[in-house]
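In the numbering used here, the protein residues as written are 5 to 183. Step one of this worksheet: look at the structure below.
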């Protein structure tokens, strides 16, 4: 056993000495001569195509932003529907926490039913990933979205978005359950 302990370092030293021979002249000669007669091939530059000039003149074309294009061509449409009795956001309502996030950054991750009330479980997919419990009537999203229905696989809400005429329009959307 003692003989084996003494022999192992000697063998290792012998192997290291065998690997470290300094005779690399043939390798250096090969590297020097391998590509001596070959010259690098450089491809020519691609031809640059000159683009034709185009003068844009829209004076003869209809204005795409004209009010005549709205609502079937009625040019006397008022863009401000402030007298409209339609839906509109309530400026006095206190904002809820989930109204700070777009719907794209919210994910429905489950439901909970307690005392005949269905709750949706919403996870914020940005930042810390906070989790919230919502019910019908709560608000979420940046477009004044109000939750109208919660089922096992989706949350339906109605958002208020600006129409092309300047008033507010209700738009139904939903969040699907993420698995």
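Virtual Cβ for every residue (Gly too), placed ideally from N, Cα, C.
Go ahead and pull the three-state DSSP assignment for residue i.
i	result
residue 107	helix
residue 10	helix
residue 65	coil
residue 127	strand
Quick one: what's residue i bridged to in DSSP?
i	result
residue 190	Here the chain has residues from 5 to 183 only, and residue 190 is not among them.
residue 181	112
residue 46	Beta-bridge pairing links residue 46 to no other residue.
residue 176	162
How would you call residue i, buried or exposed, if buried means at least 16 neighbouring beta carbons within 10 angstroms?
i	result
residue 159	buried
residue 33	exposed
residue 40	exposed
residue 105	buried
residue 58	exposed
residue 110	buried
residue 56	exposed
residue 147	buried
residue 67	exposed
residue 142	buried
residue 154	buried
Determine the direct distance from the alpha carbon of residue j to that of residue i, and round the result to whole angstroms.
i	j	result
residue 133	residue 108	13 Å
residue 176	residue 144	13 Å
residue 164	residue 48	60 Å
residue 123	residue 98	21 Å
residue 112	residue 150	15 Å
residue 50	residue 44	18 Å
residue 27	residue 12	27 Å
residue 152	residue 117	16 Å
Query raised in the report: In the stretch 131-169, which residue ranges form an unbroken beta strand (DSSP E) of at least 3 residues, counting only runs that do not cross its ends?
Result: 135-138, 149-154 and 158-166
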